[in-house]
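Asks: Residue numbers (my numbering): 885 to 1266.
Note that beta-carbon positions come from the ideal geometry of N, C-alpha and C, so glycine has one too.
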Amino acid sequence: MPTDVVVVGAGPAGLTLANLLQRNGISCVVLEARDRSYVEERQRAGVLDHYGGRIFEQAGLADQVLAGAPLQTYLEFRYEGEPRLLDVAGLSGGRGGSIVPQQLLVRRLLTTFLDGGGDLRFNARDVELHALETSPRVTYGDVSLDCSYVAGCDGFHGVSRRSIPEDELTTYTFDHGIGWYTMLADAPPPKYPLMAMGRHGFAAQFPRGPFASRFYLQYKPGEEDPRTWPDEEAWDKLRLRLGDPALKGGAITDREIVEMRSFVVEPMAYGKLFLAGDAAHIITPMGAKGMNLAIADAHVLAGALTSAVRGDDAALRAYSDVCLRRTWDYQDFSRWFTEMVHDIDGDPFRRKLARARFERLFTNHPAAVAFADMMAGIELVR
Ligand code: RFL
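#1: Would a C-beta distance cut-off of 9 Å place Y1076 and Y958 closer than the cut-off?
#2: With a threshold of 8 Å, are at least 3 pairs of Cβ atoms found where one atom belongs to the stretch 1133–1146 and the other to the stretch 1047–1064?
#3: Pick out the complete alpha helix (DSSP H) segments inside the stretch 1204–1249, 4 residues or longer, and give them in chain order.
#4: Just curious, the alpha helix (DSSP H) that F997 is in, first and last residue?
#5: Does at least one heavy atom of the ligand FMN sit under 8 Å from the Cβ of P1073?
#6: Pull up the distance between the alpha-carbon of E916 and that of S1032, whole angstroms please.
#7: Please list the terminal residues of the continuous alpha helix (DSSP H) segment that includes Q927.
#8: If G1025 and D1010 are in contact, beta carbons under 8 Å, what's the gap, nearest whole angstrom?
#9: Does the beta-carbon of A1135 have 16 or more other beta-carbons within 10 angstroms, so that it is buried, or is it exposed?
#10: Going by beta carbon distance, what residues of the same chain come within less than 6 Å of V1193, once the five residues before and after it are set aside?
#11: Who are the near neighbours of H1014 in its chain, counting only those whose CB is closer than 8 Å to its CB and skipping five residues on each side?
#12: Should E1140 be counted as a contact of the ligand RFL given a C-beta to heavy atom distance under 8 Å?
#13: For V1148, tell me which candidate among R1209, P1114 and G1195 has the shortest Cα-Cα distance.
#14: Could you check which residue in Q987, K1173, G1082 and L1124 has the C-alpha nearest to that of S921?
#15: Measuring straight from C-alpha to C-alpha, what distance separates V1265 and V1206?
#16: Report the residue from M1224, E924 and L899 whose alpha carbon sits nearest the alpha carbon of G1082.
#17: Kindly list the residues whose CB is nearer than 8 Å to the CB of G1171, restricted to its own chain and excluding five residues on each side of it in sequence; keep chain order.
#18: Can you give me the C-alpha to C-alpha distance between I1167 and A1202, rounded to a whole angstrom?
#19: Anyone know if the C-beta pair for G1261 and D933 falls short of 9 Å?
#20: Taking 8 Å as the line, does the beta carbon of H1060 fall inside it for any heavy atom of the ligand RFL?
#21: Are A1178 and T995 close, meaning C-beta to C-beta below 9 Å?
#22: Just verifying my parser: in three-state terms, what is the DSSP assignment at E941?
#23: Going along the chain, which residues of its own chain have a beta-carbon closer than 8 Å to the beta-carbon of N1248, five neighbours each way excluded?
#24: Taking buried to mean at least 16 other C-beta atoms within 10 Å of its own C-beta, is G1230 buried or exposed?
#25: For R956, tell me which candidate among A1252, V984 and V949 has the shortest Cα-Cα distance.
#26: Which residue's Cα is closest to the Cα of R991: G974, Q948, E1017 and R1005?
#27: In angstroms, rounded to a whole number, what distance separates the CA positions of P1073 and Y1100?
#28: Using alpha carbons as the reference points, say which of P1169, E1243 and A1180 lies closest to E1263.
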């Protein structure tokens, strides 16, 4: 039996889409290259923005997805160790985000989809997409699936974007010249997400459950290699940059190097293939928009596919333009935020600009409201 939609990838984009399609009565099969435990345990983002939360609420999935999630109220900044609290929820008229670690969101969406009778196939290796311009077919191993549409939700390294002829796409990339060394550690979480800046560089500490924190340290790619830093050196850097000499080092359970790059591909569609999430764009983690953008794409795509299956493909034709608007708004916000909190090349002029930008958040109400509005997420009615 042909299915309406084959969804490639079971990350935040693919699982949001699959659940929304299921709710709308549209048949779909989800193909995931990895096994269930890998997908459920991959730690990345930590905050579902207000708009993302509303998507699940409107779909009647709030209980399944948001249950018990603490609200994000304040952000704490420290400039050269000096603390400042920004009431992001208050400034956005109560539109704070929720603390939902990505692996918890994925686990909950997976369970909801499967409990609803969803068809999700793990370990689907070597997925290939065929006849995307006419009658799409998706194959893996010796399985072949006919479908009306394919949703490419398989992340930056997936097969979907690569299945589009290169000359059909325009690619935009930007290297921010900033590296992050991140460590997940058994260390009491801060009361609020904490970001520190100053002449020693950026550092951050974000809550990851009741007993753990994820720490971030800026480094200069090509000049420094944090993998050579002994743990005590990393803890010392954190104490200095966070202005917290009493910070206790705990067991480090995960380390990662992230070089900040941005990427956008246009259009986010080719024939009957539609890209969503990291398959179409990568954004720096500043502003916490990557996962939220993936969910927002999936929301728009679910509505458009549902209408198309029912005979009206106008929204599907507009899908790429609609999602790219938000993508570029978030890229702009993320770059703006990145420049504000990082010490870029030790450049004194940039330091002054970053300081002015930061101070404006605490002295100019419209500027603070604009910041909080982007943190809450953009509702796309324009
Ligand atoms: P994902 O999560 O990469 O999921 C893609 C899924 O597709 C599968 N796959 C395939 N399946 C079948 N066939 C193939 N050929 C396949 N190739 C891949 C993969 O196994 C996977 O299960 O993409 P998606 O759904 O678009 O979601 C995007 C988000 O994961 C991503 O934007 C965020 O994690 C980015 N991000 C953050 N976002 C935030 O909103 N807030 C944050 O605080 C935040 N912090 C982060 C981050 C990303 C990070 N890294 C590691 C890139 C922190 C880090 C360190």
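Replies: Checking against the coordinates, here is how it stands:
#1: Cβ atoms of Y1076 and Y958: closer than 9 Å.
#2: With three or more CB-CB distances shorter than 8 Å, the stretch 1133–1146 counts as touching the stretch 1047–1064.
#3: Complete alpha helix (DSSP H) runs here, min 4: 1232–1247.
#4: If you look at F997, you'll find it in the alpha helix (DSSP H) that goes Q986 to D999.
#5: With respect to the ligand FMN, the structure shown offers nothing to examine, as its ligands consist of the ligand RFL.
#6: Just so you know, the alpha carbons of E916 and S1032 end up roughly 19 Å apart.
#7: Q927 -> no alpha helix (DSSP H), and no H or E assigned at all.
#8: Yes, G1025 and D1010 are in contact; Cβ-Cβ is about 7 Å, under 8 Å.
#9: Label assigned to A1135: exposed.
#10: Result list for V1193: D888 and I910, in chain order.
#11: Cβ contact annotation for H1014 (same chain, cutoff 8 Å, sequence separation greater than five): P1020, R1021, V1022 and T1023, in chain order.
#12: The nearest non-hydrogen atom of the ligand RFL is less than 8 Å from the C-beta of E1140.
#13: Residue R1209 holds the alpha-carbon nearest to the alpha-carbon of V1148 among R1209, P1114 and G1195.
#14: The option with the nearest alpha carbon to S921 is Q987.
#15: Note that V1265 scores 47 on pLDDT, short of 50, meaning its location in the model is unreliable; the coordinates nonetheless yield the value given after this. A straight line joining the alpha-carbon of V1265 with that of V1206 spans about 9 Å.
#16: Among M1224, E924 and L899, the Cα nearest to that of G1082 is on M1224.
#17: Contacts found: Y1214, F1217, S1218, F1221, M1258 and M1259.
#18: Between the alpha carbons of I1167 and A1202 lies a gap of roughly 22 Å.
#19: With contacts defined as CB atoms closer than 9 Å, G1261 and D933 qualify as a contacting pair.
#20: For the ligand RFL, not one heavy atom lies less than 8 Å from the Cβ of H1060.
#21: In this structure, A1178 lies away from T995, with their beta-carbon atoms at least 9 Å apart.
#22: Of the three classes helix, strand and coil, the one that applies to E941 here is helix, per DSSP.
#23: Excluding sequence neighbours, N1248 sits near nothing in its chain.
#24: When all chains shown are included, G1230 counts as exposed.
#25: Note on residue identity: the sequence assigns Gln, not Arg, to residue 956. For Q956, the closest C-alpha among the options A1252, V984 and V949 is that of V984.
#26: Answer by Cα proximity: Q948.
#27: One C-alpha to the other measures close to 13 Å.
#28: Nearest C-alpha to E1263: A1180.
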